[in-house]
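Enquirer: Next up is a structure, given as structure tokens.
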């Protein structure tokens, strides 16, 4: 009955609606295609990790595992030192997050609020530090850490990772602070707050998204970084996951099954944080325009 | 983000897009920062110490300590060792061995394993930093040249503790001696043999494994079923391809240098050398009995692909991956034959070895450990744990006698050919030449250059390096 | 944009008050230095000394395997600029960078345009597309090495299934280069997309409405309105990628180790090889400084593009 009361759409209107539908369908198809293509490598990693070795070393295509198994996952803990890698990497990554925020936030705040002698140089230095090819710093870095007996220790790894993350973290946090209106600071100051007080009580609580983004990114970059652990860990118990991953490609054989299982385990934090903290992450990445 | 827009004014961002970083500041900062840093670097460099001045004392301190203290009390000493990984089996054995050593001597050993190339790179870094962080180095013929100034000379200690050359495989002490200094004690003895698939040979009606180059190509063609099974697998990249080329070069009667192992003019680009490399290339591109992916294969791919049943023949260091039912599809389906000969039967025979970092502060304890793991009893145990060949002659004999099946066969075949064992030149500058050579060989195997062009280029570059060091 | 009036170029010049709070004692007066000091010390201790040291040894024939390490002035730099192998690596690195950035830009822009449409699940799609850029480069390298494995890799299995012949991806110079480019852009596209998307979302509506009324096609609007307005964003995105691509190391290290025959060897790996395969730390250090110089050189044209854009906008 109802349809009768509604004026029939004109041909032109129908055309528009029809085109809208096609447009929407095309959008969905394109988006789904893009997501599938971009994620296919990760999915394949997951699929490989639950295949038995005999299936992995087969020339013929089987998209799905014929005899799924968790054997690769148990192998990485039994034959390789996955538990040690996980423990070390978690401790170090968390410590780096804490240190980066503790050192980076005050510096970023100062740079966003004050003009002072050396401020520009500092800003330039931060960008400059990002341009250094890490390979260039390997040997000298090793020498410094050797002199201070920091090689192969948790402290050494934490200090090095923190120093390499700081430029980006400061840059990131500075952008968040710049986004805050200074009037808030000024009014708090009028009320008798010291600079530290303003930072602690006003500014930091307001840039919680920024802190979250910085924390997540520092965590992931530390978790994912190969070079520093390759250079600075001299003992098995301070080797981190990315270095552990290279061990599945041994001198006399490639253990793809174990590598993919370890890879999936290594990928969990990325997956977790991307979903839990996506809003902060996206804001952090675009605001700072950063990527390590 | 999500449509979250900024409602307040911005202190410095002048654009209408406050969500994005100011690109001008980024660029300007980059340029300014570079200038600042470069200036700072120049100023500070003036005050830095001259690296030439600091290298000498370290070396003399090392040799001075060698003669000292005959029976020190080493209980409670702590040493760190960094060695190439011998896969899960070998590594876990070495960890257990370190614990056993501690109960016997009171010396605590921390172990660290890395894949071969990474272990060597790490050691180079340690040496460059004059670091005392690691005491014991796992080293190898292929690397020892680079460590000429980096490891403790061991001759005196060895003589005192009766660690003598006769007990180890022939030539190994000489090979580990650089600039007249013995730097490491042999640990394992490595030779390659030809592994072949008995089942595939039977199917193709082949009675015996090939012994000459011509027979080899014939046989490989008969068992070739690409893309499922190839006739032969050869390694084709990095340091490993140089080992493959070495064998073939020597088999063809060629050699690297005019005067063998002594620093001299490169001759790898003479007729014998070019023919050898052409043969290697032909296996892939003319006879098509080796996979086109050869130029991307190192040891890892080589053993994995053979264990996965992807080839009928392959040269292997030993049956470890191929015997592991978890990794291998060919258990019980292969046998071992001597490697192929052409004009000569020369073959690569090399050792892993254990030495001491010249900057180590625990050289006495480190020596105790090196002595312990390279002695007959421990080498035998290590061999039993992971199937390799001990470098200690007596242990080698015992290990051979105790072995069974294909492992025993591998022992016998490889030891029979060890009389033709040979190595590449071991002086430091040759280590510098090796990456150039292997890069050129990779180019040949991936069809970017002809064998003649590639070997000529490498020879020219090598001559420059030798001349710079006043060797020729 | 809540308050457009606030977005006018109003650079707040801090008052003297803000800059230097008076009468609060020494600590408060120099508070900005105190706030920066810990971070600055940490960075200098760990980053500056290595840089200075490597600059210093770049003037020496600093080789681990020889006892004497003579001063050779600028000879390492001369070699870096004149040797045939350096030229090859320079050309290769620059070509790699240009190709990667071009592909990342085109594909990143396409994705950004796609995601700037309104549809259900848009936020989920954007989140999923972030995953590649936050994957560890080591893992990405291994995973692609596995996918492009010439025997068991997915790529060849698909080729075989389609009736083709398996291809030796990592053993052919051009295919190996293509594979490295593929991994690199797989990790690089999401950042490009995010930045461009943020840029697109902040564009003012008015010019588009006017252009639509004037009958401009979608392509014309994109070409003549979006692109020019996005220029600042594009410059930032490209600059960031230039910096990052000149540092690409992990992928090459894991996937090809520079091979076959140096076909995938870029500057960072060349430095690594000079230092570790040849033990020539002096030469490796000189190369590092050349790379830094090149990065700056690559940023200068961008700086001019940007300045010109600003002047045009002001006119």
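Chains as they are written, first to last, in the numbering used here: chain P, 285 to 576; chain G, 219 to 690; chain D, 43 to 357. From the three backbone atoms N, C-alpha and C, an ideal C-beta is built for every residue, glycine too. This one's a predicted model, so the numbers in the text were calculated from it and none came from an experiment.
(1) So for residue 432 of chain G, helix, strand or coil by DSSP?
(2) Could you tell me which residues DSSP pairs with residue 408 of chain G in its beta bridges?
(3) Starting from residue 448 of chain G, follow the beta strand (DSSP E) in both directions and report where the run begins and ends.
(4) So with CB distances below 8 Å, who are the chain P contacts of residue 417 of chain G?
(5) Put residue 579 of chain G into one of helix, strand or coil per three-state DSSP.
(6) Report the partner residues of residue 105 of chain D according to the DSSP bridge assignment.
(7) DSSP beta-bridge partners for residue 320 of chain P?
(8) Pick helix, strand or coil for residue 538 of chain P, following the three-state DSSP scheme.
(9) Could you tell me the boundaries of the alpha helix (DSSP H) in which residue 133 of chain D lies?
(10) Between residue 65 of chain D and chain P, is any beta-carbon pair separated by less than 8 Å?
(11) Assuming the contact rule is C-beta atoms closer than 8 Å, residue 328 of chain D and residue 91 of chain D should be a hit. Round their C-beta distance to whole Å, please.
(12) What three-state label does DSSP hand residue 329 of chain G in the structure shown?
(13) Does the beta carbon of residue 151 of chain D come closer than 8 Å to any beta carbon on chain P?
(14) For residue 369 of chain G, write down the residues that DSSP places opposite it in a beta bridge.
(15) Identify the continuous alpha helix (DSSP H) that holds residue 234 of chain D and give its terminal residues.
(16) By the 8 Å beta-carbon criterion, what residues does the stretch 450-472 of chain G contribute toward chain P?
(17) With a cut-off of 8 Å, does the C-beta of residue 261 of chain D fall near any C-beta of chain P?
(18) Residue 74 of chain D lies in the alpha helix (DSSP H); which residues open and close that run?
(19) Note the first and the last residue of the continuous beta strand (DSSP E) segment covering residue 340 of chain G.
(20) Can you tell me whether residue 593 of chain G is helix, strand or coil according to DSSP?
(21) Taking Cβ positions, are residue 418 of chain G and residue 452 of chain G nearer each other than 8 Å?
(22) From the DSSP output, in three-state form, read off residue 439 of chain G for me.
(23) So, do the stretch 538-556 of chain P and the stretch 428-435 of chain P have three or more beta carbon pairs nearer to each other than 8 Å?
(24) Do we get a CB-CB distance below 8 Å when we pair residue 507 of chain G with the residues of chain D?
(25) With a threshold of 8 Å between beta-carbons, can residue 519 of chain G be considered close to chain P, or not?
(26) Could you say if the stretch 220-235 of chain D and the stretch 142-159 of chain D meet the contact criterion of at least three C-beta pairs nearer than 8 Å?
(27) Could you name the residues that DSSP lists as bridge partners for residue 358 of chain G?
(28) Quick check: what's the CA-CA separation for residue 476 of chain G versus residue 336 of chain G?
(29) What residues from chain D crowd round residue 441 of chain G, counting only those whose CB sits closer than 8 Å?
(30) Would you list the residues sitting across from residue 415 of chain G in a DSSP beta bridge?
(31) At 4 residues or longer, what runs of the alpha helix (DSSP H) sit wholly inside the stretch 500-544 of chain G?
(32) With a floor of 4 residues, list each alpha helix (DSSP H) that falls wholly inside the stretch 254-330 of chain D, ordered by position along the chain.
(33) Hey, quick one: how far does the beta strand (DSSP E) through residue 298 of chain G stretch, first residue to last?
(34) Does the distance from the C-beta atom of residue 319 of chain P to that of residue 167 of chain D stay below 8 Å?
(35) The ligand COA and residue 425 of chain P: does the residue's C-beta get closer than 7 Å to at least one heavy atom of that ligand?
(36) Measuring alpha carbon to alpha carbon, tell me which residue in D:336, D:270, D:193 is nearest residue 446 of chain G.
Expert: Taking the structure as given:
(1) helix
(2) G:568
(3) 448-451
(4) Simply none; closest approach about 17 Å.
(5) coil
(6) D:322
(7) Answer by DSSP bridge pairing: none, since residue 320 of chain P is not bridged.
(8) strand
(9) 126-157
(10) At residue 65 of chain D the pLDDT is 49, less than 50, meaning the model places this residue with poor confidence; the figure from the coordinates comes in the next sentence. Not an interface residue.
(11) 18 Å between Cβ atoms; not a contact.
(12) strand
(13) no
(14) G:575
(15) 215-243
(16) none
(17) no
(18) 73-85
(19) Not the beta strand (DSSP E): residue 340 of chain G falls in the alpha helix (DSSP H), residues 334-346.
(20) coil
(21) no
(22) helix
(23) no
(24) no
(25) yes
(26) yes
(27) G:570
(28) 32 Å
(29) Under the 8 Å cutoff, chain D gives no residues; its nearest Cβ is about 17 Å from residue 441 of chain G.
(30) G:552
(31) 517-525
(32) 260-263, 269-287, 292-297, 309-314
(33) 296-302
(34) yes
(35) This structure lacks the ligand COA, and indeed carries no ligand of any kind.
(36) D:193
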